[in-house]
Amino acid sequence: MISLNRIRSAIPRFGISPQALLTTLVVSAATFEIAYDNGSYFLPSRNTLAIAVWWAVIVGIMLGLLIAENLPRASLAIAGVLAALAAWTFVSVFWAASVENAFNEFNRVSLFLGVFVLTALTARRYAIKWWCAGLEIAVALIALVALVSRFFPGTFPDQGLVALGVPSRLSFPLGYWNGLAVFLALGVPLLLHTAISSRKPVIRGLAIAPIPAIVSVVYLASSRGGVVAALVGIITFVVLTNKRWSAGLALFWAGLGSVAAIAVLISRKELVNGPFGTSLVEQQGRSAAILVGLACVLSGATYAGSRMFTDRLSVQPNPWLGRGLVILLAVVAIAGVVVSHPVAQFQAFKRSPSQPLHIESNDYVRSHLTSARGSGRWQFWGSSIDQWESHPVLGNGAGSYESWWLKHAPFFYPVKDAHSLYLESFGELGVIGLLLTLGLAIGGIGTGVMRSIRSSGEERITLAALTASFAAFSVAAGIDWMWELTAVTVFALILLALLSGAAGNSRNSLKVVDENGSRLGRRRRFGLGITALVGVWLLICAQGVPLFAQLRIKDSEAAVNRGDTAAAIRAAMDAKNLQPWASSPYLQLALVYEQEGLIAEAHAWIKSAIKRDPENWELWYIAAKIEVKLGNATGAQKSLGRAYSLNPKSTFFGAYRPGSLPK
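The opening residue of the sequence shown carries number 535 in the numbering used here; numbering runs sequentially from there.
Okay, structure coming up:
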C-alpha cells in the first residue's frame, strides 16, 4: 500500500503544496455543492448554508484564526455596504406588508455578508490563485454535470426537466437555465487567467478545455443572459489584463473549440430541443458527448502547444498593438450594434409576453437565443419603478415585489422578482436600497479596475480576472434575478472578497491601533471579540428561526398526509411559537383545522395569517372558502373580492365577478 507520507512527499514535485491542494479542494467542493443543490435557492438550503458560514466565522474568531486588523480599507468599505444593506432590509420589517418575507430577505443579505466576511478573513494574498483554481474546478464540474444530464438522461436521479409548453432548456443542476449559464460564464475570465499565467503547458491546456463545454451549456440553456455575462467578462478581462496577446491566443483556440461544439449541437436538433426520451435522442447524446469532448481536448491541447511555440520565439509585440486591438474590437462591436437595427431590437425587447411571438417549435433554442424579446423584463422593471413611486422614501418593504406585481400587472404572468437587483431594491427599499446595491456593484468594479491598472505581472492578470467576473455578475444581476439564486451571488461575493481583500495592496491596509499608536490593548480586543461573537450568534439565531419553523411546517404536512391530526397541530403550533410574526404557520393551522371540520377554529387561524400578510391573495381566497363553510355569505364575498383585487389578472378566478361566491 502507498503510505500517506509518500503521497505528501510526491505532491511538491508537481508544484502543489499540501496547503494549496487543501484550499483548492475545499473551495471547489463547497462551491460545487452550493450550486448542485438547485443553486441553494430554497429557504432550507439557504438558511443552513448561512448557519454554517457564520459558525465558521465564530470558530475562526474564537481560535484566533480570523483577525480583521490587516484588511484593506476597500474590503472594510464593501463589508460596510453589505452590512448597511442587511440592516436596512431588516428595518423594513416595520413597514413591509409581510414581515415574514422581509425577514427572509434580511436573512438572504446576512448570508451574503457572511460569505464576504469569511472569505475576506480567510483568504491570504499568496493563496488567491488557489481560490481561483477551486472556483474554476467547480465551474468545470458543473458544466460537465449539466452536459452529462442532457447527453445521458437518467444519469442523475434528482434531475428535473422543466417544460413550460416549449422544449426544455437545460437548467440542471442549478434549477434555472439563466442561472446555470451565468454561473458558468463567471468562470470564463478565471479560466483565461490560469491559461495565460500558468507556466505549465498541461495546466494551460486544462484551463482552456472546459470553455467549449461551458459554451455548449449556455447554448443548450438558450440563455441570452449567459451570453451577455460571458461577453462582459471576456471584454473586461482583455481590456484590463497586461497579456492581451496571450489572452487573444487563448480566446482563439477556445473559440474554435466552442464553434465546433455548437456545430455538433446544431446538427442534433432532437437532442437540443426534444422530444426527449427517444432512442434517437439517446443516440445523438452519445455521439455529441464524444465530439464535444474531443473539441474540448483539442482546443486545450492546441492552445498549450501554440503557447509553447510562441514562448520559444520570445517575441514581445508592441503594447500599442494590443491597445489597438482593443480599440478595433470596440469599433467592431459598435458597428455590430448599429447594423442590428437597435431601435427595432429595443421595440421588440419592450413587447409584452402577452403578445404572440413566433418561435420555431423544432428549433426553439436557436430561435429564442437570437430573439430580442425581453420576456416581460420591460414590464417587470416598469412595475418596480411604479412601486417606488407609491412609496418613494422607504419603498414598499423587502420581499414585497411579488404581491405588488400581481396587484398591478398589465397582464397575467406569475413572477416573484423584478429581474433586476437594482430596480427591485428601488421599489422595495427606496432610494437607500438602490444606492446600496449600486454602490456594491460600482464600488467592487471600481476597486478592481483601479487595482488592476496599478498592478503588474501575474498580479494584474489575477485582478483583471476577478474584476471581469464580478463585472459580469453585476450586469447579470441587473437584468435577471441572479441575486436570489444563492450559488451565483455567493460565487460573485467570493470574487469580490478576494478582489478587495487579500488581493489588495497591503499599503492600503487599515491597522487597528490605540491612542498611543500601538496595537489595540488586550481588553479592547477582548471587548471587540465578544461583541463580534454576540452579533454573529444573533445572526445565526435569525437564520435558525425560519429554518426550524419551515421544517416543523413540513412535519405538519407529513402528519396530515398520514392522518395524524394531533401531530400535525403540534408541529404547526411549534412553527407558530418559533416564528409568531410569520403567516405560514397560521395558514398551516387553518388548513389542518379545516380538514378536520373545525371550521370556526380554521377561520380564526386564517384571519391571524391575513393579519400578518394582508397582501397575499391566496390567504383571502382560503378565508372565503372557509367562510362559505361557516355559512357567512357576506364575509365570503368580501374575502373573495379582496383576493380578486390583489390578483385581478389571474386565470385562477376564471369567469369570477365581484359579488359572487367561491366554488
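Virtual Cβ for every residue (Gly too), placed ideally from N, Cα, C.
Take residue i and list the residues in its own chain whose beta-carbon comes closer than 8 Å to its own, dropping the five residues that flank it on each side.
i            : result
residue 899  : 701, 703, 753, 754, 756, 806 and 807
residue 557  : 661, 664, 665 and 668
residue 504  : There is no way to answer for residue 504, as the model of the chain reaches only from 535 to 1197.
residue 768  : 722, 723, 726, 785 and 1002
residue 1007 : 716, 720, 763, 1016, 1022, 1023, 1025, 1026 and 1029
residue 689  : 682 and 683
residue 586  : none
Measure the beta-carbon distance from residue i to residue j and round it to whole angstroms, keeping in mind my assumption that it falls under 8 Å.
i            : j            : result
residue 728  : residue 670  : 6 Å
residue 581  : residue 1080 : 6 Å
residue 1096 : residue 1112 : The pair is not a contact, with the Cβ atoms about 23 Å apart (cut-off 8 Å).
residue 1153 : residue 1143 : 5 Å
residue 1027 : residue 646  : 5 Å
residue 508  : residue 747  : Residue 508 is absent from the model: the chain starts at 535 and stops at 1197.
residue 630  : residue 1118 : Actually they are not in contact, since the Cβ atoms of residue 630 and residue 1118 sit about 15 Å apart, beyond 8 Å.
residue 963  : residue 932  : 6 Å
residue 884  : residue 908  : 7 Å
residue 632  : residue 681  : In fact, because the Cβ distance is near 40 Å, the residues do not count as touching under 8 Å.
residue 937  : residue 1180 : 7 Å
residue 612  : residue 916  : Contact flag wrong, Cβ pair sits at about 30 Å.
residue 822  : residue 707  : Not a contact, Cβ separation roughly 19 Å.
residue 618  : residue 970  : 6 Å
Which residues bound the alpha helix (DSSP H) around residue i?
i            : result
residue 588  : 577-596
residue 1104 : 1099-1112
residue 1173 : 1167-1180
residue 1142 : 1133-1146
residue 984  : 955-988
residue 1024 : 1020-1034
residue 839  : 813-847
residue 557  : 552-570
residue 778  : 778-800
residue 1007 : 991-1013
residue 916  : 911-924
residue 878  : 876-884
residue 935  : 935-942
residue 1154 : 1151-1164
residue 1120 : 1118-1129
residue 927  : Unbroken run through residue 927: none, as it is neither H nor E.
residue 900  : 898-903
residue 949  : No alpha helix (DSSP H) contains residue 949, which DSSP labels as neither H nor E.
residue 1183 : Looking at the DSSP string, residue 1183 is not in any alpha helix (DSSP H), and its letter there is neither H nor E.
residue 805  : 803-807
Using a Cβ-Cβ cut-off of 7 Å (strictly less than) and excluding sequence neighbours within five positions of residue i, which residues of its own chain qualify?
i            : result
residue 842  : 735
residue 1185 : 946
residue 761  : 752
residue 674  : 744
residue 710  : 573 and 1019
residue 758  : 903
residue 922  : 929, 960, 961 and 964
residue 986  : 774, 994, 997, 998 and 1001
residue 1187 : 1178
If you drop the 5 nearest sequence neighbours on each side, which residues of the same chain put their C-beta closer than 6 Å to that of residue i?
i            : result
residue 1090 : 1102, 1105, 1106 and 1122
residue 1071 : none
residue 1052 : With a pLDDT of 47 at residue 1052, under the threshold of 50, the modelled position of that residue is not reliable, and no figure is offered here.
residue 1182 : none
residue 583  : 574
residue 600  : 594 and 655
residue 1073 : 588 and 644
residue 609  : 654, 1034 and 1035
residue 1018 : 951
residue 904  : none
residue 1031 : 650, 653 and 654
residue 914  : 952 and 953
residue 741  : 725, 728 and 729
residue 509  : The requested residue 509 does not occur in the structure, where the chain is confined to residues 535 to 1197.
Three or more C-beta pairs below 8 Å linking the segment 1157-1169 and the segment 1131-1143: yes
Minimum length 4: unbroken alpha helix (DSSP H) runs contained in the segment 719-769: 735-742 and 744-754
Cβ contact (3+ pairs, closer than 8 Å) linking the segment 955-962 and the segment 650-660: no
Every unbroken alpha helix (DSSP H) inside the segment 623-666 [4 residues or more]: 633-656
The segment 815-830 in contact with the segment 785-803 per 3-pair CB rule at 8 Å: yes
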